[in-house]
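Asks:
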Amino acid sequence: MVIHERTNTGEKPYECLYCGKSFIRNYSLVIHQRTHTGEKPYECMDCGKSFRLNSHLVVHQRIHSEKKPYECQDCGESFSQNCLLVYHQRRHTGEKPFECPDCGKSFSNNSHLV
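In numbering that gives the first Met the number 0, the protein residues as written are 0 to 113.
#1: Touching or not, the region 53-63 and the region 71-90, by the rule of three or more beta carbon pairs under 8 Å?
#2: If you run the structure through DSSP and keep just helix, strand and coil, what is S79?
#3: What are the boundary residues of the alpha helix (DSSP H) that includes H63?
#4: Pick out whichever of D45, N7, Q88, F50 has its Cα sitting closest to the Cα of I30.
#5: When DSSP builds the beta bridges, which residues end up paired with S21?
#6: Measuring straight from C-alpha to C-alpha, what distance separates S21 and E76?
#7: Compute the Euclidean distance between the alpha carbons of Y26 and R33, then round it to the nearest angstrom.
#8: Distance, Cα to Cα, R24 vs N53?
#9: Can you give me the C-alpha to C-alpha distance between C15 and G103, rounded to a whole angstrom?
#10: Beta-carbon separation of Y13 and H35 under 9 Å?
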């Protein structure tokens, strides 16, 4: 209930000592501070790669297990992450939502803008 009340009042009692950003929950502050400290407490037992969030480790581990729960309804190809399915589906639709501000050329993936 206290957390919900803070949402309504805007109270953010947990402040980052590095940058001053404030948070409603202490847990959110702890995760945020990892961006400053570089702490990555969640380690993959298969390859040793570490992550700031457990959820990122879970997604990463699909690489090793070959678990691909996201399936394209057009062609049946499966992917380990939803974002990879979204990128793939743009091949079917031709959607190119990312436009270069300099030349106006559009791309299906924002990483192609670099």
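Backbone N, C-alpha and C define an ideal beta-carbon position, used for all residues, glycine too.
Replies: This is what the structure holds:
#1: yes
#2: coil
#3: 53-64
#4: F50
#5: E14
#6: 42 Å
#7: 11 Å
#8: 18 Å
#9: 39 Å
#10: no
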